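A short worksheet on the structure shown next.
Numbering (this note's numbering), first residue to last: -5 to 281.
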């Protein structure tokens, strides 16, 4: 059962108890002062009318004087009435404090629940981008450029916009001792993507041009390792900026990368999950 089912009834119950306690305190106070008021009304014009009311008979002292005519008796009555009033005042104050404290705690918990509900709602609504897969591709007849195709996937329930992809490619020879100490390192120009819709995939090709023949030759004819490490920055539906680090890893230990029917060298590059970051970082340090 949720806490909300018993908080409000408890606050209402404490308030009712406080009201009843206040009523009883006032009643006790009036009772304590009712008797002296009746006895001191001898000089009042309505005293005759009060004589017909039944008044409890007070005990008499050894000298025949009734107790009610002694000042000490009235002092004790007053003291008892004041003590009763003080007691019930403390009870009311305690119940009121408890009620206010419980009410404040209830409001605080309600605020926390509201914030958590809003956070969950935003988490269910916002965009989430992942780099789903990658592929290296080069033409045998034209070794002036090669490309890496990446697939971005939005697994969220709203579009991602103003997307910027940056990254660096590490190409190294692999031998029995690991990656070569002299890799090729190429940084790409930022790739700008306007928007990726909710639960949609978008393929983008990153083209590497220029002095690439040596890189293509190494990847095609030697045991090679490719690590493409980068970041994806985007803005979600709440206009909040998000950053996704990613890494794609490809390797062929065969010494020769086979051509496909279209005369292309291709190598699949798999995304590295968070638990594999240490291994990727170690590979980058060795190159």
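Every residue, glycine too, gets a C-beta built ideally from N, C-alpha and C.
Just so it is clear, the structure is predicted and the values come from calculations on it, not from any experiment.
Answer yes or no: do residue i and residue j have a C-beta to C-beta separation smaller than 8 Å?
i, j, result
"residue 244", "residue 263", "yes"
"residue 212", "residue 165", "yes"
"residue 168", "residue 133", "no"
"residue 199", "residue 143", "yes"
"residue 230", "residue 121", "yes"
"residue 159", "residue 201", "no"
"residue 217", "residue 247", "yes"
"residue 152", "residue 111", "no"
"residue 150", "residue 222", "no"
"residue 253", "residue 128", "no"
"residue 214", "residue 251", "yes"
"residue 126", "residue 145", "yes"
Pull up the CB-CB distance for residue i and residue j, whole angstroms please, since I reckon it's below 8 Å.
i, j, result
"residue 257", "residue 240", "Actually they are not in contact, since the Cβ atoms of residue 257 and residue 240 sit about 30 Å apart, beyond 8 Å."
"residue 157", "residue 190", "6 Å"
"residue 282", "residue 196", "Residue coverage of the chain in this structure runs from -5 to 281, which leaves residue 282 outside it and unanswerable."
"residue 139", "residue 203", "4 Å"
May I ask which residues mark the beginning and end of the beta strand (DSSP E) holding residue i?
i, result
"residue 221", "218 to 229"
"residue 141", "139 to 148"
"residue 190", "185 to 190"
"residue 235", "235 to 246"
Taking the alpha helix (DSSP H) that residue i falls in, what are its first and last residues?
i, result
"residue 197", "From DSSP, residue 197 is part of no alpha helix (DSSP H) but of the beta strand (DSSP E) over 194 to 203."
"residue 258", "Run containing residue 258: none in the alpha helix (DSSP H); it sits in the beta strand (DSSP E), 258 to 265."
"residue 180", "Residue 180 -> not in any alpha helix (DSSP H); beta strand (DSSP E) instead, spanning 178 to 181."
"residue 215", "207 to 215"
For chain D, check one thing: does any of its Cβ atoms lie closer than 8 Å to the Cβ of residue i?
i, result
"residue 139", "Protein chains in the displayed structure number just one, and chain D is not present."
I'd like the list of long-range same chain contacts for residue i, defined as Cβ closer than 6 Å, with 5 residues on each side in sequence excluded.
i, result
"residue 124", "147"
"residue 155", "189, 229"
"residue 29", "The pLDDT assigned to residue 29 is 47, lower than 50, so where the model puts this residue is not dependable; a value taken from the coordinates is nonetheless given after this. If we look at residue 29 and ignore the five residues flanking it on each side, it has no Cβ neighbours."
"residue 238", "123, 226"
"residue 182", "161, 200"
"residue 233", "none"
"residue 137", "207, 210"
For residue i, I'd like the list of residues in its chain whose CB is within less than 8 Å of its CB, leaving aside the five on either flank, ordered along the chain.
i, result
"residue 279", "Note on residue 279: pLDDT 49, under 50, position unreliable in the model; no value is reported."
"residue 180", "162, 163, 165, 202, 209"
To which residues of the same chain is residue i closer than 7 Å at the C-beta, ignoring the five residues directly before and after it?
i, result
"residue 260", "129, 130, 131, 254"
"residue 38", "With a pLDDT of 46 at residue 38, under the threshold of 50, the modelled position of that residue is not reliable, and no figure is offered here."
- [ ] Run through the region 97 to 136 for me and flag every whole beta strand (DSSP E) of 3 or more residues, listed as ranges in chain order.
- [x] 123 to 133
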